[in-house]
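Enquirer: Numbering (our numbering), first residue to last: 12 to 280.
Note that the Cβ used here is the ideal one computed from N, Cα and C, for glycine as well.
Computed from a predicted structure; not experimentally measured.
Take a look at this one; I'll ask things after.
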Ligand SMILES: COc1cc(/C=C/C(=O)SCCNC(=O)CCNC(=O)[C@H](O)C(C)(C)COP(=O)(O)OP(=O)(O)OC[C@H]2O[C@@H](n3cnc4c(N)ncnc43)[C@H](O)[C@@H]2OP(=O)(O)O)ccc1O
């Protein structure tokens, strides 16, 4: 990475991840380009380690693929080793790791390009914001391989694009383009070619500047509120709002606005 003050925080013991840090943003690169960033046990476990040990002063994480592709999904050469019990443990290991991403204390942004396939798509689903370059394409070829999603995709993807579209992808092997992915709500940002990682880093810097308690509420409470019954949801919202506004950080930020010391909210010119 060629960020001004970037430093390598942890190259990853095995080199399967390239982890770099610039100020409060951690960048995690899937680093198996020769295998199109296929996700083997080693890389999944390292992602888990990384999210379990995020430095306290990190405010956002960007996850991306080194090379032309985000990820070609599960490393198929490893799956053939599993019996049914091994398969269950394998899938649950992925669940634990991707839960660490989804329930991370800080926002996680996935910068996508090229193949975002199978388990790679499931990994991207666990992030909070997805940025796609035009080369990005999304597919779930599990039907062709005789398997099922195992990385939380059947829970997360329908909540983003709907059950019917996921069924279509899994049954017909349909490949969605970057623009389709964006229009169906999978990717929130579409960039020009070569600008995905830059855009993700820009967004990461922005979200890292929010009050930590607001980010916490958005990441931890909002998804639960959205799925709760309305009365429970409204109560949770009030409680979360009360906690956030009582924090000295909120008081400082509001005072700065009232004293004209902070930026106004304006549309892009
Ligand atoms: C059941 O419990 C589960 C499941 C899961 C998750 C499941 C899934 O992810 S299913 C989807 C698996 N992925 C695929 O089917 C994609 C396969 N790859 C491709 O179609 C292509 O490689 C490509 C991604 C489109 C790229 O094409 P190209 O640029 O032409 O590169 P290649 O020459 O094909 O590949 C280079 C090199 O990489 C190897 N490779 C690519 N993808 C994989 C892969 N997914 N697994 C293993 N190896 C891969 C390819 O074979 C080449 O190797 P060489 O040795 O020949 O150089 C989750 C959890 C559960 O419990």
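Rounded to whole angstroms, what is the Cα-Cα separation between residue 279 and residue 210?
Expert: The sequence position of residue 279 within the chain shown is 268, counting from 1. The sequence position of residue 210 within the chain shown is 199, counting from 1. Each residue's alpha carbon lies about 16 Å from the other.
Enquirer: Here's a check: name, in chain order, each residue in its chain whose Cβ is nearer than 6 Å to the Cβ of residue 260, leaving out the five neighbours to either side.
Expert: To locate residue 260, count along the chain shown from 1; it is residue 249. Taken in chain order, the residues that qualify are 222.
Enquirer: Is the beta carbon of residue 232 closer than 8 Å to that of residue 247?
Expert: As a first step, residue 247 must be located in the chain shown, where it is residue number 236. As a first step, residue 232 must be located in the chain shown, where it is residue number 221. A contact, by the Cβ cut-off of 8 Å.
Enquirer: Taking residue 214 as the reference, which of 108, 118, 258 and 76 has the closest Cα?
Expert: What you label residue 214 is simply residue 203 of the chain shown in a count that begins at 1. Per the Cα distances, 118.
Enquirer: Pull up the CB-CB distance for residue 65 and residue 54, whole angstroms please, since I reckon it's below 8 Å.
Expert: Taking the first residue of the chain shown as 1, we reach residue 65 at position 54. Taking the first residue of the chain shown as 1, we reach residue 54 at position 43. That pair is no contact at about 17 Å.
Enquirer: Along the alpha helix (DSSP H) that carries residue 191, what are the first and last residues, could you check?
Expert: Here the question's residue 191 lines up with position 180 in the chain shown. Run containing residue 191: 189-194, per the alpha helix (DSSP H) assignment.
Enquirer: Is residue 169 close to ligand 1? I mean its beta-carbon at under 7 Å from any heavy atom of the ligand.
Expert: Along the chain shown, one-based indexing puts residue 169 at 158. Checking the Cβ of residue 169 against ligand 1 gives no.
Enquirer: Can you tell me whether DSSP reads residue 173 as helix, strand or coil?
Expert: Mapped onto the chain shown, residue 173 falls at position 162. Looking at residue 173 - three-state DSSP - the assignment turns out to be coil, as it is neither helix nor strand.
Enquirer: Of all the options 147, 258, 255 and 186, which has the alpha carbon lying nearest to the alpha carbon of residue 203?
Expert: Within the chain shown, the letter at position 192 stands for residue 203. Nearest of 147, 258, 255 and 186 to residue 203, Cα basis: 147.
Enquirer: Cα-Cα, which of 43, 169 and 122 is closest to residue 205?
Expert: If you number the chain shown from 1, residue 205 lands on position 194. The shortest Cα separation from residue 205 among 43, 169 and 122 belongs to 122.
Enquirer: The beta strand (DSSP E) spanning residue 74 covers which residue range?
Expert: As a working note, residue 74 is residue 63 in the chain shown. Segment 71-76, the beta strand (DSSP E) holding residue 74.
Enquirer: Rounded to whole angstroms, what's the CA-CA distance from residue 179 to residue 48? Just pull it up for me.
Expert: Mapped onto the chain shown, residue 179 falls at position 168. Mapped onto the chain shown, residue 48 falls at position 37. C-alpha separation (whole angstroms): 25 Å.
Enquirer: Within 7 Å: the Cβ of residue 165 and any heavy atom of ligand 1?
Expert: As a first step, residue 165 is located in the chain shown; it is residue number 154 there, counting from the start. No, Cβ of residue 165 sits at least 7 Å from all heavy atoms of ligand 1.
Enquirer: Rounded to whole angstroms, how far is the Cβ of residue 167 from the Cβ of residue 136, which I believe are closer than 8 Å?
Expert: Translated into positions along the chain shown, residue 167 becomes position 156. Translated into positions along the chain shown, residue 136 becomes position 125. Correct: roughly 4 Å between the Cβ atoms.
Enquirer: Would you say the beta carbon of residue 44 comes nearer than 7 Å to a heavy atom of ligand 1?
Expert: Counted from its first residue, the chain shown places residue 44 at position 33. No, the Cβ of residue 44 stays beyond 7 Å of every heavy atom of ligand 1.
Enquirer: Exposed or buried, residue 220, counting other C-beta atoms within 10 Å across all chains shown (16 or more means buried)?
Expert: Reading the chain shown from its first residue, position 209 is the one you call residue 220. The residue is exposed, with fewer than 16 neighbouring Cβ atoms inside 10 Å.
Enquirer: Looking only at its own chain, which residues have a Cβ that is under 7 Å from the Cβ of residue 228, when we skip the five neighbours before and after it?
Expert: Within the chain shown, residue 228 is the residue found at index 217, counting from 1. Around residue 228: 251 and 255.
Enquirer: Does the beta-carbon distance from residue 36 to residue 28 come in below 8 Å?
Expert: Taking the first residue of the chain shown as 1, we reach residue 36 at position 25. Taking the first residue of the chain shown as 1, we reach residue 28 at position 17. Contact: no.
Enquirer: Compute every distance between the C-beta of residue 188 and the non-hydrogen atoms of ligand 1, then say whether any falls below 7 Å.
Expert: Here residue 188 corresponds to residue number 177 of the chain shown, with the count starting at 1. Every heavy atom of ligand 1 is 7 Å or more from the Cβ of residue 188, so no.
Enquirer: Checking 8 Å against the spacing of the C-beta atoms, do residue 108 and residue 133 come in under that value?
Expert: Position 97 of the chain shown, counted from the start, is the residue given in the question as residue 108. Position 122 of the chain shown, counted from the start, is the residue given in the question as residue 133. Cβ distance not < 8 Å, so residue 108 and residue 133 don't count as in contact.
Enquirer: By DSSP, does residue 40 sit in helix, in strand, or in coil?
Expert: Taking the chain shown and counting its residues from 1, one reaches residue 40 at position 29. If DSSP states are grouped into helix, strand and coil, residue 40 belongs with the strands.
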